[in-house]
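To start, the structure itself, in structure tokens.
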Amino acid sequence: MRQSQNAVQITAPGRLLGAAVFLLGLGSLLCDFLKVPPLRILNIHVLFGVVLLAVVVGSLLRAWPAPGESAADSFYCHTRRLARWVYGLLYVMAAARVCLYLANHDELNPHVTIFSRLTALDALKDFQQYIGVGLLAIVLIRLCAMLTMARASQREIA
167 MRQSQNAVQI
177 TAPGRLLGAA
187 VFLLGLGSLL
197 CDFLKVPPLR
207 ILNIHVLFGV
217 VLLAVVVGSL
227 LRAWPAPGES
237 AADSFYCHTR
247 RLARWVYGLL
257 YVMAAARVCL
267 YLANHDELNP
277 HVTIFSRLTA
287 LDALKDFQQY
297 IGVGLLAIVL
307 IRLCAMLTMA
317 RASQREIA
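Here it is in structure tokens:
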């Protein structure tokens, strides 16, 4: 699908908010790595989830077409770009988590292979919360895209 000329652009505040979500995610990964007390880690995970969802909702609301507009194509392009950013955030955070995990276990036992470290039972269990919040954001983005396209197709039929 070709990107529309009137597509919503990501502004400087949007980039700053994206960077804040990314840094908050890396900070919470670091807290996981450093074994911060569980209550504080839970608060940091919740903060990451709330900030990620708030940034996604804010971006969707800014780009949401007004009832009289026929900007469904540009909104759809915006939702695809936003979903790619969320997927990218999760991939970078997963790579950082794996690197931290491997760096930690290199010091403990240098004779264990990388594959056996990553397939250990509790190897990356704490990352499930990040994936859950990320998938919730993706589902929200996709639902908004489907609603807008359905609304636009109903307008074309009427």
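As numbered in the numbering used here, the sequence shown has no gaps in its residue numbers, which increase by one up to the final residue, 324. Ideal Cβ placement from N, Cα and C applies to all residues, glycine included.
| Check | Outcome |
| --- | --- |
| What is the rounded straight-line gap between the Cα of K201 and the Cα of A318? | 49 Å |
| Am I right that L196 and V217 are in contact with their C-beta atoms under 8 Å? What's the rounded C-beta distance? | With a Cβ gap of about 16 Å, L196 and V217 do not count as contacting. |
| Label M259 either buried or exposed according to how many other C-beta atoms from any shown protein chain fall within 10 Å of its C-beta, with 16 as the threshold for buried. | buried |
| Nearest by alpha-carbon distance to L226: which of V212, T245, A238, F214 is it? | T245 |
| Which runs of the alpha helix (DSSP H) fall wholly inside the stretch 177 to 260 and span at least 4 residues, in chain order? | 178 to 199, 204 to 229 |
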